[in-house]
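Student: Dumping the structure here so I can ask a few things about it.
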Amino acid sequence: MSTLDYRLLPNPYDPIKFEKVLDVSSNDRINAYFVEKIYENETYLFLIPNNYYLEIFWCEWLIEYSINKRTLVCPFLRVATKIKHSTGYWPKLAIQDDGYIFEQGSFLKLDVTQLIENRNLELPEIISKLCQKIQKTKSDVHCGYSDAESYYFNELEGLKGFSKILLENQSELDANPHLALNTNTKARRLKYLTIIAKNVCKPIDIRSLSIKLLQWSKDNNAELTRYVDPKGAIIGLNGVVSAAPYIALAKEMKLITSVSKVIALTNTGKSLVLDQASNISENSFILSDYERLWYVYTILALDRDLILPILCTLQQGKLKKSQLRRNFKDAYIEYLKGLFNHAGRQSSKRVVAEALKRVSSWSKAEKYSEHLVDPRISWLIDLGLVVKEESASISLTRNGISIVELFKPLFKEYSPIVTEYILRRSFFRDIAPRIVPKLQKVTHAENCDKKIFCGKLAEIFEFVRTQTISPIPNRIVASTCFRYAGLYFYLYHNIICDFTFLVQFLQDQRICQEIGWKLRWIKSENDGYLSK
Amino acid sequence: MTNLDKFALKDNPFSATPIFDEIIWAGMNKLKKEIERRIELSIKTSPSALILNFGDYGSGKTHAARYFTSKLVLKELTKRLGISQPLALHLNLPRVASGCPNELTISILSKIGLAKLKSDLGKVKTSLETKKTGSFNNVLNNICGDSELEKILEVFLSSEDDDLDKIGRVLFGSASYSDLKNLKLTKKLESGSDFCRLMSTIFNLLTYKSEGITPVYPSINIWIDEFEDIKSLSGKEQEGLTAYLRNLIDWSPTYLVLFINFTLSPINDIQDLTVFLGEALSSRIRVKIEFTEPTPEEAKIYVNELLNHRKWRIEEPILKSNKFFPFNEKTVDFLLSSISPRTIRRINEIFSLVIELALLDKYVEEIDDAFIKKNQIELGLSDT
Chain A
1 MSTLDYRLLP NPYDPIKFEK VLDVSSNDRI NAYFVEKIYE NETYLFLIPN NYYLEIFWCE
61 WLIEYSINKR TLVCPFLRVA TKIKHSTGYW PKLAIQDDGY IFEQGSFLKL DVTQLIENRN
121 LELPEIISKL CQKIQKTKSD VHCGYSDAES YYFNELEGLK GFSKILLENQ SELDANPHLA
181 LNTNTKARRL KYLTIIAKNV CKPIDIRSLS IKLLQWSKDN NAELTRYVDP KGAIIGLNGV
241 VSAAPYIALA KEMKLITSVS KVIALTNTGK SLVLDQASNI SENSFILSDY ERLWYVYTIL
301 ALDRDLILPI LCTLQQGKLK KSQLRRNFKD AYIEYLKGLF NHAGRQSSKR VVAEALKRVS
361 SWSKAEKYSE HLVDPRISWL IDLGLVVKEE SASISLTRNG ISIVELFKPL FKEYSPIVTE
421 YILRRSFFRD IAPRIVPKLQ KVTHAENCDK KIFCGKLAEI FEFVRTQTIS PIPNRIVAST
481 CFRYAGLYFY LYHNIICDFT FLVQFLQDQR ICQEIGWKLR WIKSENDGYL SK
Chain B
1001 MTNLDKFALK DNPFSATPIF DEIIWAGMNK LKKEIERRIE LSIKTSPSAL ILNFGDYGSG
1061 KTHAARYFTS KLVLKELTKR LGISQPLALH LNLPRVASGC PNELTISILS KIGLAKLKSD
1121 LGKVKTSLET KKTGSFNNVL NNICGDSELE KILEVFLSSE DDDLDKIGRV LFGSASYSDL
1181 KNLKLTKKLE SGSDFCRLMS TIFNLLTYKS EGITPVYPSI NIWIDEFEDI KSLSGKEQEG
1241 LTAYLRNLID WSPTYLVLFI NFTLSPINDI QDLTVFLGEA LSSRIRVKIE FTEPTPEEAK
1301 IYVNELLNHR KWRIEEPILK SNKFFPFNEK TVDFLLSSIS PRTIRRINEI FSLVIELALL
1361 DKYVEEIDDA FIKKNQIELG LSDT
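Residue numbers (the numbering used here), protein chains in the order written: chain A, 1 to 532; chain B, 1001 to 1384.
Written out as structure tokens, the structure is:
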């Protein structure tokens, strides 16, 4: 079978000698042998170069470049990590062309020679033992791969699944692997958070803020009783403390922060209150489109790992709340297991493992779930993603189903999980249309007429400047501006303009000159300034 | 250390952080004049002032603080302006879990030095007593209004050198019961208000002037650096500190200037800095000085002046045709347009690295565009 004229490998390692027990093919273009072995119903491919010494590479064909290659490559990274831990060296990883134009094409190869413990064995046994070791390592969910991903960045650059975007996303995921807001079961209505933000435009002490919130609650109490989900009222009889759960939630969502003795609006909170559109709705607890999009973004960015498993649970169909609370534990555990696979570092895996341990130990699951599930169901009702029927069953709305469909692939191993990094890149492209669908045609910002777009941006920046209180004149925070701009463009001009696009757009000095504003982006802080 | 003679330099002039000895100011003339004007006004006009210096990291705020508190610099400046030298101190914002006002007071007293302070206050007393016996106590009483605190200052002024440590502990707020007993004092300084009253009394005395009495100092300039660190303090300490500074200005209504260096950063979460300063302090800000990014032209002047400062430059004939030697002038333009952000620190970092790389390359006689492009990646410059 061999077309190789010179077989250089030592006898115990010569694949041709073992053709009857191993599936061997030779490739004289790359002067190597391919050996295929089925081990416990899985096929393993090895490349053995025709040399005087034995080298073995574990391989996989790359049929097409796609994001799913992540599923293929991550096991290789785990094995590489294992070799690094045991030898102190990263093994060679490369994408190699097989030298033929019309056949397979390229393959990924990883040098697994260091995994061979006993070189006195013959090749078939060596291969079997390698298969055993590789199988054990590649399915070891405790083995991280983020370090390997960083180390082999250049080698994997060609693979779409290992783009810089996913690498950075993975990095952000590992920095904050478990995102869940601390919530009080009383904090049900998102509208109160908007009212809090609007009352903190100037710094205010907590007591005064509570009084204002109580007053608004009192003035709108009748509306709450008529609302689709009349829970979460701030009861005036209990005094200012009844406002505390909402103030705490507003802090958790980074709308407001404490400074010395006062509460102040954050740069994030500022972007919520900038909307000038007059939103007269039939009920004061109904969120405007602007608010809905704002809260969806914020909740995905900060509460992803509770809101998504709840949405997942609702995939099952209409559920009574008690059923939802009962089913939530298992759904949450499954979700956390998936999250564990996504975590790329030991430290991030530990965080998720701790959450898994906590949830698994819930003895009265329904009781624990109630505190987590109930307020979030109310939020999802406010966001229009979930509806409560007269029978008290809860189900996903059409928008809710659309969102779940979008996030479904996330639960597959190795697929990218959403972090704020992804939200900044594609919230308006991928998510906003599912929350506030547009009947008219939408345009992507990069396809807009540049002059008109720059003109609108200049107006937005000028508007934000007039709304900014600061002893420093003519300077506005980029994140506040860009979040507002994205919402403004989408809602009022049908333009998709994501955060990251604006950061890149404003790197061009000519654009800055046209707009009259210069962006100073501070990478380490993931934010920046615009100054006139 | 490979010598820089071939580049007509005694040393690498681009230090990334401000240096201590013979502090130099290069370029940035507009900013320099603005600060000089403030110092001049602090002496020529009496009202105390709070000045906010704001800018990005690396924009030169700390350098300005060091420069304008340097005795050599102030000597030359005041001689040029025909005024006498103020007392100028450069401090960092205290970062302690508790007792920030106490910490700030200790910093100020330590910077002045207890022996020097005793000597300076002694001069005030002597001047007043020479004019009229008992007048020092009257003045002290008018300024201070706290008899126990006045007693502490009187004991300080009349203390022997051996007792300076005891009275020092009293001033620092760390006196023991036996210290107080030995010095026959009843009050221990504890509250922020106590420390503020102490400092404002001292400042008022040091700048006291009246007919026939020349002040020890024409004004006092205090530079507080890294003020943005206030965010890391607890709410209670933030409040204590801003109250201290507000009272200091109010209780020292003449000839005191506080320069507050504040680095802007979105990481503060809040755009409105008045929240950190507190309304009381914010409302007292007289002037805001922005440390902006230099324009390419300003940056070029900065590079030129630094390269050719007598501290570093060796006079060589080549300088007649190229004052930017060892850089080619076009290369300086290219570098300055490529650096982003174009802060002084970043300019120093890049130019310093370029010189070091050129030094290691024995074939380089002049640093030109080709050399920069060759080392683009190492310099972290974008592809142009």
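For every residue, glycine included, the Cβ atom is placed at its ideal position computed from N, Cα and C.
(1) Touching or not, the region 366-385 of chain A and the region 321-330 of chain A, by the rule of three or more beta carbon pairs under 8 Å?
(2) Could you tell me if A:Glu40 is buried or exposed, where buried requires 16 or more neighbouring beta carbons within 10 angstroms of its beta carbon?
(3) Return the residues of the region 1119-1137 of chain B that lie within a Cβ-Cβ distance of less than 7 Å from chain A, sorted by chain order.
(4) What do you reckon, are the CB atoms on B:Glu1378 and B:Leu1357 nearer than 8 Å?
(5) Between which two residues does the alpha helix (DSSP H) containing A:Ile422 stretch?
(6) Starting from the N-terminal side, write out each stretch of the beta strand (DSSP E) that is 3 residues or longer and does not extend beyond the region 221-247 of chain A.
(7) Just to confirm, are B:Ile1024 and B:Lys1320 a CB contact at a threshold of 8 Å?
(8) Would B:Val1257 and B:Ile1112 qualify as a contact pair, given that the criterion is a beta-carbon distance under 8 Å?
(9) Quickly, what does DSSP pair B:Lys1288 with across the bridge? List them, please.
(10) According to DSSP, is A:Ser361 part of a helix, a strand, or is it coil?
(11) Use the C-beta contact count for A:Thr153: other C-beta atoms within 10 angstroms, 16 or more gives buried, fewer gives exposed.
(12) Which residues, in order along the region 126-154 of chain A, keep a beta-carbon less than 7 Å from a beta-carbon of chain B?
(13) Between the region 372-386 of chain A and the region 301-321 of chain A, do three or more beta carbon pairs fall short of 8 Å?
(14) Between A:Phe482, A:Leu108, A:Tyr89 and A:Phe46, which has its C-alpha nearest A:Gln114's C-alpha?
(15) Find out if the Cβ-Cβ distance for the pair A:Glu157, A:Leu93 is shorter than 8 Å.
(16) Taking Cβ positions only, does B:Gly1235 come closer than 8 Å to chain A?
(17) Pick helix, strand or coil for A:Tyr295, following the three-state DSSP scheme.
(18) Counting only runs that start and end within the region 1071-1153 of chain B, where is the beta strand (DSSP E) found for 3 or more residues in a row?
(19) Using a Cβ-Cβ cut-off of 8 Å, state whether A:Ala264 counts as contacting chain B.
(20) Using CA atoms only, rank isn't needed, just tell me which of B:Asp1368, B:Ser1283, B:Ile1083 and B:Glu1076 is closest to B:Thr1045.
(21) Report all residues from its chain with a CB closer than 7 Å to the CB of A:Leu179; omit the five preceding and five following residues, and keep chain order.
(22) What residues from the region 519-530 of chain A come within 8 Å of chain B, judged by C-beta to C-beta, listed N to C?
(23) In the structure shown, what three-state DSSP assignment does B:Leu1189 receive?
(24) Contact defined as beta carbons within less than 8 Å: I believe B:Lys1010 pairs with B:Ile1314. What is the distance between those atoms, to the nearest angstrom?
(25) Starting from A:Lys438, follow the beta strand (DSSP E) in both directions and report where the run begins and ends.
(26) Given that a residue counts as buried once 16 or more other Cβ atoms are within 10 Å of its Cβ, and exposed if not, what is A:Lys337?
(27) For A:Leu487, report the span of its beta strand (DSSP E) as first-last.
(28) Check A:Thr87 in the structure and name its three-state DSSP category.
(29) Is A:Gly528 helix, strand or coil by DSSP?
(30) Across which residues does DSSP place A:Thr257 in a beta bridge pair?
(31) Output needed for A:Tyr192: all residues of its chain with C-beta closer than 6 Å, excluding positions within five of it in sequence on either side, in chain order.
(32) Using a Cβ-Cβ cut-off of 8 Å, state whether B:Lys1093 counts as contacting chain A.
(33) At 8 Å on the CB atoms, spell out the chain B contacts of A:Ile83, in chain order.
(34) Let me know the secondary structure DSSP gives A:Val35 once reduced to three states.
(35) Under three-state DSSP, which class holds B:Asn1182?
(36) Going by DSSP, what residue range makes up the alpha helix (DSSP H) through A:Ser322?
Tutor: In terms of the structure at hand:
(1) yes
(2) Here residue 40 of chain A corresponds to residue number 40 of the first sequence, with the count starting at 1. Exposed.
(3) none
(4) Your numbering for residue 1378 of chain B matches position 378 in the second sequence. Your numbering for residue 1357 of chain B matches position 357 in the second sequence. Yes. Within cutoff.
(5) To locate residue 422 of chain A, count along the first sequence from 1; it is residue 422. Taken as a continuous stretch (DSSP letters only), the alpha helix (DSSP H) holding A:Ile422 covers Glu420 to Ser426.
(6) none
(7) Along the second sequence, one-based indexing puts residue 1024 of chain B at 24. Along the second sequence, one-based indexing puts residue 1320 of chain B at 320. Cβ atoms of B:Ile1024 and B:Lys1320: not closer than 8 Å.
(8) For this step, residue 1257 of chain B is matched to residue 257 along the second sequence. For this step, residue 1112 of chain B is matched to residue 112 along the second sequence. For B:Val1257 and B:Ile1112, no; Cβs fall outside 8 Å.
(9) Translated into the one-based positions of the second sequence, residue 1288 of chain B becomes position 288. B:Leu1052.
(10) Numbered from 1 along the first sequence, position 361 holds the residue referred to as residue 361 of chain A. DSSP places A:Ser361 in coil when its eight states are reduced to three.
(11) Stepping through the first sequence from its first residue, residue 153 of chain A is reached at position 153. Residue identity check: residue 153 of chain A is Phe in the sequence provided, not Thr. By the 10 Å Cβ count, A:Phe153 comes out exposed.
(12) none
(13) yes
(14) Here the question's residue 114 of chain A lines up with position 114 in the first sequence. A:Gln114 has its Cα closest to that of A:Tyr89, out of A:Phe482, A:Leu108, A:Tyr89 and A:Phe46.
(15) On the first sequence, position 157 is the one that residue 157 of chain A refers to. On the first sequence, position 93 is the one that residue 93 of chain A refers to. Result no, Cβ atoms of A:Glu157 and A:Leu93 do not sit closer than 8 Å.
(16) Within the second sequence, residue 1235 of chain B is the residue found at index 235, counting from 1. Yes, because at least one Cβ of chain A sits closer than 8 Å to the Cβ of B:Gly1235.
(17) Walking along the first sequence from the start, residue 295 of chain A turns up at place 295. In this structure, A:Tyr295 counts as helix in the three-state DSSP scheme.
(18) 1087-1092
(19) Residue mapping note: residue 264 of chain A aligns to position 264 of the first sequence, counting from 1. Yes, its Cβ sits closer than 8 Å to a Cβ of chain B.
(20) Residue mapping note: residue 1045 of chain B aligns to position 45 of the second sequence, counting from 1. Checked all of B:Asp1368, B:Ser1283, B:Ile1083 and B:Glu1076; the closest Cα to B:Thr1045 is B:Ile1083.
(21) Locating residue 179 of chain A in the first sequence gives position 179, where the first residue counts as 1. Leu302, Asp303, Arg304 and Asp305.
(22) Arg520, Ile522, Glu525, Asp527, Gly528 and Tyr529
(23) The residue labelled residue 1189 of chain B in the question sits at position 189 within the second sequence. It is coil, neither helix nor strand.
(24) Position 10 of the second sequence, counted from the first residue, corresponds to residue 1010 of chain B. Position 314 of the second sequence, counted from the first residue, corresponds to residue 1314 of chain B. At roughly 6 Å, the Cβ-Cβ gap stays under 8 Å, so B:Lys1010 and B:Ile1314 are in contact.
(25) Locating residue 438 of chain A in the first sequence gives position 438, where the first residue counts as 1. It is not in any beta strand (DSSP E) - A:Lys438 carries neither H nor E in the DSSP assignment.
(26) As a working mapping, residue 337 of chain A is identified with position 337 in the first sequence. It counts as exposed.
(27) To locate residue 487 of chain A, count along the first sequence from 1; it is residue 487. Taken as a continuous stretch (DSSP letters only), A:Leu487 belongs to no beta strand (DSSP E), being part of the alpha helix (DSSP H) at Ala478 to His493.
(28) Numbered from 1 along the first sequence, position 87 holds the residue referred to as residue 87 of chain A. In this structure, A:Thr87 counts as helix in the three-state DSSP scheme.
(29) The residue given as residue 528 of chain A occupies position 528 in the first sequence. Of the three classes helix, strand and coil, the one that applies to A:Gly528 here is strand, per DSSP.
(30) For the purposes of this step, residue 257 of chain A is identified with residue 257 of the first sequence, where counting begins at 1. Answer is A:Ala264, bridged to A:Thr257.
(31) For the purposes of this step, residue 192 of chain A is identified with residue 192 of the first sequence, where counting begins at 1. Contacts found: Tyr246.
(32) In the second sequence, counting from the first residue as 1, residue 1093 of chain B sits at position 93. For the record, residue 1093 of chain B in the displayed sequence is Leu; it is not Lys. B:Leu1093 does not count as touching chain A.
(33) Numbered from its first residue, the first sequence carries residue 83 of chain A at position 83. In chain order: nothing, as chain B lies at least about 29 Å away.
(34) Translated into positions along the first sequence, residue 35 of chain A becomes position 35. A:Val35 falls in the strand class under three-state DSSP.
(35) Taking the second sequence and counting its residues from 1, the one referred to as residue 1182 of chain B is at position 182. Correct three-state label for B:Asn1182: helix.
(36) Here residue 322 of chain A refers to the residue found at position 322 of the first sequence. Unbroken alpha helix (DSSP H) run through A:Ser322: Lys321 to His342.
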